[in-house]
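J.:
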Amino acid sequence: MEDPILTRLTPIFREVFDDDALVLKPEMTASDVDGWDSLAHIRLILSVQKAFGVKFSAVEMSRLKNVADLVALTKHKQTGGAVP
Amino acid sequence: MGESLYTELEWLPRPPEDFAQRCRALRELTGEAGREVRALASFALDENKLSRLAKAIEALRATSGALQPLTPFRVGIISNATSHFMVPALTATAARYGIALECVEANYGQLMQEALDTDSMINRARPDVVLLAIDYRGLALDVAMGNAGAVVDAVERALDELRLMRDAFRRNSGASCIFQTLARPVESSFGSLDLALPGTRRNVIDLFNRKLSNDLAGKEDLLLDVAGLAETVGLSAWHDPALWNIGKIPFANSYLPVYADLTCRLIAALRGKSRRCLVMDLDNTLWGGVIGDDGLEGIVLGQGDAQGEAFMTVQSAALALRERGIVLAISSKNNDEIARLPFRQHPEMLVRENHVAVFQANWNDKATNIRAIADELSLGLESLVFLDDNPAERRLVRDMLPEVAVPELPDDPAYYARTLLAAGYFEALVFSPEDQKRADFYQDNARRVTLQRSSGDLDAYLRSLDMTITFRPFDEIGRARIAQLINKSNQFNLTTQRYSEAQVREFEADPNCFTLQVRLIDMFGDNGMISVIICSCEADQWLIDTWLMSCRVLGRRVEQAVLQELVSHARNLGIVRIIGTYRATGRNRLVEDHYAKLGFTECPCQTEGSTLWSLDLSTYVDISLPMKVVSSPT
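Residue numbers (this note's numbering), protein chains in the order written: chain A, 4 to 87; chain B, 44 to 677.
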């Protein structure tokens, strides 16, 4: 079964990258998605923060390597954790 | 409701479920897509949706004429921060105002170079305006604390830098500029002292903003009051230090939609697209309740009731707009005579018939009525704003007349005025000479008042307040407010008799009772009903059963005016003496000497906790009062 956070991230990715066919996979990186540049990355992070009601620090943002990292960080923040 | 009004653009309708599909469908549209682009832009769009729509607009731009009938406009953007985010937001938002906006962005941080180089990207593009999106970090405004001269110098230097850019852009591209005021950072140095001490950021930025708005903007160049927006939404929310560190993003992205809206309002105003007429519904928009069902005495309006005051706020906002030249019109589903009743007879109405240019009360649908209003005023539908509490009417007008702006309204009427004004429909670049003349007239009045106030003479001061006191016997319209005052006034209340609304109604008809409801208007506005008096007649004398007054008009000589009014009526009725009672309650010490001060004589006969006072009318001499008296016959 798909991770529930991954499921919730999918419409956010589709909205940010204006691609309703986008299918999110944990191993996906910026180079796999059309238009995922540094500015879109900031829009993505801001949208995720808003949707999940969480806040990431600059350090946390810079450590994100792929979608799986974003899922893990979001999950961690949701449960009230600090930086791992 | 609060901050979200501005982040969510709550005056705009929510985007539909199929927003993304409609954006995509734009690209397949053949011919003029401008109308559909504008319709999509007219929803409350967040940053992602703005980007989506902007992408579709960019795709359409490639085909010539595809954005018709939107008005083409080109803006150059220079910034000391990252301006990439602004581009899609501005492009999509401009369509909301009927503009096909094309943005030309300078390279990051290239401010002066872009202006001075005749071959720069912006100068080559020959934009209509250049937006100088510069925040406090982009100007050299750091000076030593405590040196007022250095502050003035630093501000002048910063303004000179902007002047230089402005002159260069005008010379090299023919464009005028949009200057931004600076939103000051929240971090303080000393605390409250920051405001006063020369050299603190707050002090320097305040001076800069004032001089920028006075000296640079307003002629050919425009002023975008970013500082005002940031203060409105809260400076601490506006500035996000983390975003600045991550990507040199000048303010929190959640405000990008409202920032873009504010900017596009200016551009729209420049192209003559600001709105000029406010069309208002009546029932539950200008007053609470339904005049046709509830009647004149049943509608909720006026001081002393939270809901009644909310509707007065709507009315005063409308009048303030009228003061600056906005035409007011009424569109109501009502019988004409009944709809006009409150305008003619309700004492708390602020908007009167003579303020209203077109009054459409009938049973036609509102779209038909609004079209008739536009015709009558020779205004285009795109000049109209329609204010209505009823979502169904709003929907209908939006569907039938998409050119008319129809703000969404929250459930609570307390926020109607704020929501209407937040939408910025009536953005103006200048205040025209005709409007100004009217303003001068008021200003003359204000000056006279200031002089009289400084004279130190109390009566002169009171006269300068421009007071009008109005006396009426109890009636149906005043009944609820009279009962309310009777039951809640404690301090200025001679006897603290409480009566129900039904009992108040009995006084109205009782031939042995003389009643007064008193209202006071002054230069600050209508104080509403401020005093209530009930006298009962006993042979050739009156006994004052109730005399109460609102404490907010203490010291205005209202008591003397009331007595004079009582005496004049009493004399006409052949009364020779007025008897007053003071009954101590522990809360009304304020009026212990009320009757003594008014020239009554204390009677020896008294009971525990009460004093009795008598005034022989043959000894009463009329006095001059510092107010205009309007007395309606009993």
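Glycine included, every Cβ here is placed at the ideal spot set by N, Cα and C. From a predicted model like this one, the values you see are computed outputs, not experimental measurements.
For the ligand ATP, I want to know if A417(B) counts as a neighbour, meaning its beta carbon is within less than 7 Å of at least one of the ligand's heavy atoms.
T.: Absence of the ligand ATP from the depicted structure is noted, as is the absence of any ligand whatsoever, leaving it without description.
J.: Tell me, to the nearest whole angstrom, how far the beta carbon of A218(B) is from that of V173(B); I am working on the premise that it is less than 8 Å.
T.: Sequence index remark: in the second sequence, residue 218(B) carries index 175 (1-based). Sequence index remark: in the second sequence, residue 173(B) carries index 130 (1-based). Going by Cβ atoms, the distance from A218(B) to V173(B) rounds to 5 Å, so yes, they are a contact pair.
J.: DSSP on A197(B), reduced to helix/strand/coil?
T.: Here residue 197(B) is taken as the residue at index 154 of the second sequence, counted from 1. Three-state result, A197(B): helix.
J.: Express the C-alpha separation of E366(B) and T493(B) in angstroms, rounding to a whole number.
T.: Locating residue 493(B) in the second sequence gives position 450, counting from the first residue. Locating residue 366(B) in the second sequence gives position 323, counting from the first residue. Reliability fails at T493(B), whose pLDDT of 40 lies under 50, so the model's placement of it is uncertain and the value that follows must be treated cautiously. Those two C-alpha atoms are separated by around 22 Å.
J.: Is any beta-carbon of chain A found at less than 8 Å from that of K98(B)?
T.: Here residue 98(B) is taken as the residue at index 55 of the second sequence, counted from 1. So yes, K98(B) belongs to the interface.
J.: Output, in chain order, the set of chain A residues within a Cβ distance shorter than 9 Å of N150(B).
T.: Residue 150(B) sits at position 107 when you count from the first residue of the second sequence. Those do not exist, as N150(B) stays about 15 Å from chain A at its closest Cβ, beyond 9 Å.
J.: State the DSSP-derived secondary structure class of W656(B), mapped to helix, strand or coil.
T.: On the second sequence, residue 656(B) is found 613 positions in, with the first residue counted as 1. Residue state, collapsed to three classes: strand.
J.: Classify Q560(B) as helix, strand or coil using the three-state DSSP reduction.
T.: In the second sequence, residue 560(B) corresponds to position 517, counting from 1. DSSP places Q560(B) in strand when its eight states are reduced to three.
J.: Taking the CB atoms as reference points, tell me whether I373(B) and Q350(B) lie closer together than 8 Å.
T.: On the second sequence, residue 373(B) is found 330 positions in, with the first residue counted as 1. On the second sequence, residue 350(B) is found 307 positions in, with the first residue counted as 1. Result no, Cβ atoms of I373(B) and Q350(B) do not sit closer than 8 Å.
J.: Only counting the same chain, and skipping five residues up and downstream in sequence, which positions put a Cβ closer than 6 Å to that of C594(B)?
T.: Residue numbering aside, residue 594(B) sits at position 551 when the second sequence is read from its first letter. These residues qualify, in order along the chain: Q534, F535.
J.: Report the residues of the region 112 to 134 of chain B with a CB closer than 9 Å to any CB of chain A, ordered along the chain.
T.: Listed in sequence order: T125, H127, F128.
J.: Which one of R318(B), D160(B), T161(B), R81(B) has the shortest CA to CA distance from A135(B)?
T.: Here residue 135(B) is taken as the residue at index 92 of the second sequence, counted from 1. Minimum Cα distance to A135(B) is reached at R81(B).
J.: Are the C-beta atoms of R104(B) and some chain A residue less than 8 Å apart?
T.: To locate residue 104(B), count along the second sequence from 1; it is residue 61. Chain A, which has no Cβ nearer than 8 Å to the Cβ of R104(B), makes this no.
J.: Assuming V80(B) is part of the alpha helix (DSSP H), what are its boundary residues?
T.: Within the second sequence, residue 80(B) is the residue found at index 37, counting from 1. First-last of the alpha helix (DSSP H) with V80(B): 77 to 84.
J.: In the DSSP output, what is Y49(B) paired with across the bridge?
T.: Sequence index remark: in the second sequence, residue 49(B) carries index 6 (1-based). According to DSSP, Y49(B) bridges with nothing at all.
J.: Give me the subset of the region 283 to 294 of chain B whose CB atoms are less than 9 Å from a CB atom of chain A, sorted by chain position.
T.: The residues in question are A285, L286, N288, I289, G290, I292.
J.: Could you give the first and the last residue of the continuous alpha helix (DSSP H) run that contains S91(A)?
T.: The structure shown does not extend to residue 91(A), since chain A spans only 4 to 87, so no value can be given for it.
J.: Exposed or buried, what is F233(B) when buried is set at 16 or more other beta-carbons lying within 10 Å of its beta-carbon?
T.: Indexing the second sequence from 1 puts residue 233(B) at position 190. F233(B) should be labelled exposed.
J.: What would DSSP say about M188(B), mapped onto helix, strand or coil?
T.: Taking the first residue of the second sequence as 1, we reach residue 188(B) at position 145. The answer is coil: DSSP assigns M188(B) none of H, G, I, E or B.
J.: Which residue wins for smallest C-alpha separation from L583(B), given the options I618(B), R562(B), V601(B), N555(B)?
T.: Within the second sequence, residue 583(B) is the residue found at index 540, counting from 1. Reading off the sequence, residue 583(B) comes out as Asp, not Leu. Per the Cα distances, I618(B).
J.: Chain B partners of D30(A), CB-CB under 9 Å?
T.: As a position in the first sequence, residue 30(A) is number 27, starting the count at 1. One detail in the question is off: residue 30(A) reads as Glu in this sequence, not Asp. Going along chain B, no residue has its Cβ under 9 Å from E30(A), so there is no contact; the nearest lies around 24 Å.
J.: My guess is that M323(B) and L427(B) are in contact by the Cβ rule of under 8 Å, so how many angstroms apart are they, rounded?
T.: Position 280 of the second sequence holds residue 323(B). Position 384 of the second sequence holds residue 427(B). About 11 Å separates the two Cβ atoms, so there is no contact after all.
J.: If you reduce the DSSP assignment to three classes, tell me which class D487(B) lands in.
T.: Numbered from 1 along the second sequence, position 444 holds the residue referred to as residue 487(B). Note on D487(B): pLDDT 42, under 50, position unreliable in the model; the coordinate value appears next. In this structure, D487(B) counts as helix in the three-state DSSP scheme.
J.: Taking contact to mean 3 or more Cβ pairs, one atom from each stretch, closer than 8 Å, check whether the region 346 to 360 of chain B and the region 456 to 465 of chain B are in contact.
T.: Because the criterion of three Cβ pairs below 8 Å is met, the region 346 to 360 of chain B and the region 456 to 465 of chain B touch.
J.: Just the C-alpha distance for R441(B) and E79(B), rounded to the nearest angstrom, thanks.
T.: Residue numbering aside, residue 441(B) sits at position 398 when the second sequence is read from its first letter. Residue numbering aside, residue 79(B) sits at position 36 when the second sequence is read from its first letter. Between R441(B) and E79(B), the C-alpha separation is close to 14 Å.
J.: Does P284(B) pass the burial test, meaning 16 or more other C-beta atoms within 10 Å, or should it be called exposed?
T.: By 1-based counting over the second sequence, the position of residue 284(B) is 241. Counting Cβ neighbours within 10 Å, P284(B) comes out exposed, since fewer than 16 surround it.
J.: Could you please tell me which residues of the region 60 to 75 of chain B, in chain order, have their CB closer than 7 Å to any CB of chain A?
T.: Residues A63.
J.: For the region 82 to 98 of chain B, list every residue whose C-beta sits within 8 Å of some C-beta in chain A, in sequence order.
T.: The residues in question are E90, N91, K92, S94, R95, K98.
J.: Quick check on the burial criterion: 16 or more other C-beta atoms within 10 angstroms. Buried or exposed for L606(B)?
T.: Mapped onto the second sequence, residue 606(B) falls at position 563. By the neighbour-count rule (16 or more Cβ atoms within 10 Å), L606(B) is buried.
J.: Go through its chain and collect everything with a Cβ distance to N407(B)'s Cβ below 6 Å, but skip five positions before and after it.
T.: Looking up residue 407(B) in the second sequence gives position 364. Contacts found: none.
J.: Using 8 Å for Cβ pairs, my map puts I121(B) next to A176(B). What's the rounded Cβ distance?
T.: For the purposes of this step, residue 121(B) is identified with residue 78 of the second sequence, where counting begins at 1. For the purposes of this step, residue 176(B) is identified with residue 133 of the second sequence, where counting begins at 1. The pair is a contact, with the Cβ atoms about 7 Å apart (cut-off 8 Å).
J.: Would L69(B) pass as a contact of A99(B) if the rule is Cβ separation under 8 Å?
T.: In the second sequence, counting from the first residue as 1, residue 69(B) sits at position 26. In the second sequence, counting from the first residue as 1, residue 99(B) sits at position 56. Cβ atoms of L69(B) and A99(B): closer than 8 Å.
J.: Count the other CB atoms within 10 Å of the CB of A105(B); is the residue buried (16 or more) or exposed (fewer)?
T.: Reading the second sequence from its first residue, position 62 is the one you call residue 105(B). By the 10 Å Cβ count, A105(B) comes out exposed.
J.: Quick one, which residues of the region 68 to 86 of chain A are near chain B if we go by CB-CB under 7 Å, in chain order?
T.: Taking 7 Å as the Cβ-Cβ cut-off against chain B, none of the residues of the region 68 to 86 of chain A qualify.
J.: Counting only the same chain and skipping the five closest in sequence on each side, list residues whose C-beta sits under 8 Å from that of A33(A).
T.: On the first sequence, position 30 is the one that residue 33(A) refers to. Around A33(A): W39, D40, H44.
J.: Taking C-beta to C-beta, are A410(B) and M443(B) nearer than 8 Å?
T.: Position 367 of the second sequence, counted from the first residue, corresponds to residue 410(B). Position 400 of the second sequence, counted from the first residue, corresponds to residue 443(B). Yes, Cβ-Cβ distance for A410(B) and M443(B) is below 8 Å.
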